[in-house]
Amino acid sequence: MFSNMHTQSVQELHFCQQGSLNAVVAIHNLRLGPALGGCRFIEYDSDLAAIEDAMRLAKGMSYKAALARVPQGGGKSVIMKPKGEFDREALFKQFGQFIQSLGGRYITAMDSGTNVSDMDILRSQTTFVSSSSNIGDPSPTTAHGMFLGIETAVRFLMNQSLKGITVAIQGLGHVGFSLAAQLHEAGCHLIVSDMDREKTQLAERSFSAKVVAVNEIYKQTCDVFSPCGLGGVLNDQTINQLNCKIVAGCANNQLSHDGIAQSLHEMEILYAPDYVINSGGLIFASSSYRGLAAKEIEREVNKLKDTLNKVFTLSKQKNMSTNFIANSMAEQILYGDMASQNWIMEAV
Ligand code: NAD
């Protein structure tokens, strides 16, 4: 356990076992402020799988917060979904009391398997929750950040605006559909895929999008491929099908392993690191929790353009993958000068 924590640089693990509640909170780093990250509520095969998921996700949140310049550390919680019958309200009430007992070192939010009603139950037990029915859905802000990020990548690589650009979007969910609407408005051609036919038909009608089968999306000739469905979709097989200049999507952990970032770099495909381009959601959650007004939130989201430009520029100058550059910048912010070189120190 401790060597796993050491490998991921996770500072704290907190456990709660009460009735049917088996939960873990992983806190990766508190240097920038209280840890903020969603609560995942899914079934796991083992306790260890749940703990490892929480640690991995908490680390991701630290890096995301560091580059988004929000005053939050990285944390994530996992509730192991009980197999069989359980009382959801009672379970989330207990979890809320557990979060409260941590005294604010960790602020929770929505994630896979949790919804706004769960957050409202948590809110009845703790103040340390950043999504609920009175804060709202972060997805439109994530989608807007994505739009700005794609615009930045296209400007950087192709030196042109979005008008006439072809974007292939995988997944038309809360973020993907809203992104499609904004890209259509900006004059982009859209190619879309989703297993939900209602969503693709709506995109076809609303944005004149070309609809392709789920496994056909990778090989579409386009300027930008935008994975907005699930993580892990860019792997050793799928990247060989790509026929695009830029990869820029919101799906968390879209690279199946770190080597994919280097492969994309060698293929001269510009990759916008997922946790930088999708940070609008975290900026929304953190800013709303801290009571910032909509205008201030927009100003914060706009900053991701500068961060991406720095990442792209350094990647080109140093001939290193964009993911490596982004990680090095985040580590410099999180750990001071322990991890890096002068040019990274200057970049942050
Ligand atoms: P969502 O569940 O609303 O939508 C996902 C969509 O992708 C669904 O329509 C689903 O049918 C589709 N999909 C899944 N796998 C697919 C595949 N292989 N091919 C085609 N379509 C597929 O989710 P969302 O809130 O839009 O988030 C999308 C991704 O972005 C997730 O990975 C999420 O973790 C990440 N993310 C979301 C936010 C946010 O604010 N919602 C913020 C940061 C990151």
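Our numbering applies: residue 571 is where the sequence shown begins, and numbers increase by one. Using N, Cα and C, we set each Cβ at its ideal position, and we do this for glycine too.
- Three or more Cβ pairs drawn from the region 880 to 891 and the region 828 to 845 lie within less than 8 Å of each other, which places the two stretches in contact.
- What you get when you keep residues with a C-beta closer than 6 Å to any heavy atom of the ligand NAD is Pro-708, Ser-709, Thr-712, Gln-740, Gly-741, Leu-742, Gly-743, His-744, Val-745, Gly-746, Ser-763, Asp-764, Met-765, Asp-766, Lys-769, Val-784, Cys-798, Gly-799, Leu-800, Gly-801, Cys-820, Ala-821, Asn-822, Asn-848, Gly-851.
- Annotation for Pro-710: the continuous alpha helix (DSSP H) segment containing it runs 709 to 728.
- Exclusion of the five residues before and after His-754 leaves Leu-760, Phe-777 as the residues of its chain whose Cβ lies within less than 7 Å of its Cβ.
- Judged by DSSP in its simplified three-state form, Met-680 adopts strand.
- Out of Lys-651, Gly-666, Gly-801, Thr-577, the CA that lies nearest to the CA of Met-625 is found in Thr-577.
- Rounded to the nearest whole angstrom, the CA to CA distance from Ile-669 to Lys-888 is 43 Å.
- About 11 Å separates the CB atoms of Cys-798 and Ile-720; that is not less than 8 Å, and the two are not in contact.
- Annotated three-state conformation of Glu-868 is helix, per DSSP.
- Taking C-beta separations shorter than 6 Å and ignoring five residues to either side along the sequence, the partners of Asn-893 in its chain run Ala-831, Pro-843, following chain order.
- At a Cβ-Cβ threshold of 9 Å, Ser-647 and Tyr-676 count as neighbours.
- Assignment of His-827 by DSSP, reduced to helix, strand and coil, places it in the coil class.
- Within the same chain, Cβ atoms closer than 7 Å to the Cβ of Met-689 are found at Met-680, Val-699, Ser-701, Ser-702, the five residues on either side in sequence being excluded.
- The Cβ-Cβ distance between Ile-914 and Ser-898 falls below 9 Å.
- Where Phe-698 is concerned, there is no enclosing beta strand (DSSP E), because DSSP gives it neither an H nor an E.
- Looking at the backbone, the Cα of Arg-601 and that of Val-781 are separated by about 45 Å.
- Annotation: the region 742 to 797 contains the following complete segments of the beta strand (DSSP E) (minimum length 3 residues), in chain order: 759 to 763, 794 to 797.
- Taking a 10 Å sphere around the C-beta of Val-595, we find 16 or more other C-beta atoms and assign the residue as buried.
- Between the alpha carbons of Gly-603 and Ala-864 lies a gap of roughly 22 Å.
- In the three-state DSSP reduction, Ser-731 falls in the coil class, being neither helix nor strand.
- The Cβ atoms of Gly-757 and Lys-733 sit closer than 9 Å to each other.
- Per the DSSP secondary-structure output, Ala-593 pairs in a beta bridge with Cys-586, Ile-649.
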